[in-house]
Amino acid sequence: MNVPGAPLLFMAGAFLLVIIALCLVGVRRMQLRRALGTIDASISSAGNRWRMGVCRYQESELEWFRLLSLSPRPHLRMVRSAIVLVGRRTPTEAERTRVPPDVVIVTLDYRGEEVRLAMKFGAYAGLSSWLEAGPVVGIGTWR
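Per the numbering used here, the very first residue in the sequence shown carries number 29; after that it's consecutive.
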């Protein structure tokens, strides 16, 4: 049976699914940003491309969530005691088109792998304070 409005009905359904998915991504981002210790940060590891996301500080981990995802789980987790802050710099000309404006590129060493985060300077100050406030490895205990 050939229904004359079937293609239009199919396109309307597909459009509705796209709108629902975008709303869910927006709600997820609002939930992530509502929690304390979250910052907007793009990430690049091992020379890969820049990916936009949200970082969240936990007691003993730094979690990174993809911006355009519906997953409630972090895409990357870094143990606080294994993160070494190497330094910060301004974006290169090639990076300026790939990262948000007015950011600093923070270089971290995580278990021998270079991880770069692009974040606002205030977020960098918070990250460096969070790393420095942790106990020294081998002295004290992690809770």
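Think of the CB as a built atom: it goes at the ideal place given N, C-alpha and C, for glycine as much as any other residue. Since the model is a prediction, treat every value here as computed from it, not as a measurement.
Asked: Report the three-state DSSP secondary structure of Leu60 (helix, strand or coil).; Found: helix
Asked: Tell me the DSSP secondary structure of Gly140 in three-state form.; Found: coil
Asked: Return no unless some Cβ of chain D is closer than 7 Å to the Cβ of Gly162.; Found: Looking for chain D here will not work: only one protein chain is present.
Asked: Can you give the beta carbon distance from Leu98 to Leu52, rounded, assuming they're within the 8 Å contact cut?; Found: 6 Å
Asked: Taking the straight line between their C-alpha atoms, what separation do you get for Cys83 and Leu44?; Found: 30 Å
Asked: Could you check whether Val114 and Ser70 sit closer than 7 Å to each other, using their CB atoms as the reference points?; Found: no
Asked: Buried or exposed: where does Ala151 fall if 16 or more other Cβ atoms within 10 Å of its Cβ makes it buried?; Found: buried
Asked: Give the secondary structure of Ser156 by DSSP, where H, G and I count as helix, E and B as strand, and everything else as coil.; Found: helix
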